Structures are given as structure tokens and as C-alpha cells.
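Residue numbers (my numbering): 59 to 169.
Right, here's the structure in full:
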């Protein structure tokens, strides 16, 4: 079962506030951790994504309903922003029916 590979993943949500000079400032609120898996795309998946003009580099899977598109997930030295709509496992697929999956792009917080 894929859930056997799930580890603690830090979850952050971006919050935009007015910077009072006509723009916005983005800060990141840490929401806690969820059990999940953040993995780089395979070379073939990355090649197809690049050819389609999609810069996704990761896939994120969890059983938690907490993450949302746009959230930041952090696993070790990898930080990625969930960039796709959530995909929910097939309800007839046994152990995969509770899995939620997103594509994600590499993310670097600007200091």
C-alpha cells in the first residue's frame, strides 16, 4: 500500500496582504503536518510535462483533506506548491480510494 511510504509533510498556506504601495506581500502560515508523499516526477513524466508547457516537477499524495491547491508542502529539502486541481482516488480501487493527489511546482520562499 502506498500509505506505508507516507511521512510527515509540513503544510503551509500563502496569505496575501496589502503592502500599502499598490501591491501585495505574501507570507506563509504553517498549518502543521500531514502524512503524505512528495516525490519528483519520473524522467518520462517530466519530459511529457515540459513538452506540454507544464513546469510541474513533483507529485504529492495524502489521505488528508487539509491541503488545497496553492498550498506549500515541504518534505526534507524539497518544497513545492500544489499547482493542480486535486485528484481523488477511484472509490472502487481498494486502498487507493482515499488518496488525494496534486501536481506541484518547486517553490522557494523569498526572504
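Where is the CB? At the ideal position from N, CA and C, for every residue including glycine. Computed from a prediction, not measured in an experiment: that's the story for all the values here.
So residue i packs on residue j, CB below 8 Å; how close in whole Å?
| i | j | result |
| --- | --- | --- |
| residue 138 | residue 89 | Not confirmed; about 15 Å, so no contact. |
| residue 95 | residue 107 | Wrong, their Cβ atoms sit about 18 Å apart, outside the cutoff. |
Considering only residues of the same chain and omitting the five flanking positions on each side of residue i, which have a CB-CB separation below 6 Å?
| i | result |
| --- | --- |
| residue 132 | 68 |
| residue 120 | 92, 94, 158 |
| residue 63 | 95 |
So is residue i buried or exposed if we call it buried at 16+ other beta carbons inside 10 Å?
| i | result |
| --- | --- |
| residue 165 | buried |
| residue 160 | buried |
| residue 5 | With the chain running from 59 to 169 in the structure shown, residue 5 is simply not present. |
Do you know whose CA, among the options, lies nearest residue i's CA?
| i | options | result |
| --- | --- | --- |
| residue 87 | 81, 97, 64, 129 | 129 |
What number of angstroms, rounded off, separates the C-alpha of residue i from the C-alpha of residue j?
| i | j | result |
| --- | --- | --- |
| residue 85 | residue 73 | 5 Å |
| residue 70 | residue 145 | 20 Å |
CB-CB under 7 Å to residue i, same chain, minus the five flanking residues each way: which ones, in chain order?
| i | result |
| --- | --- |
| residue 143 | 127 |
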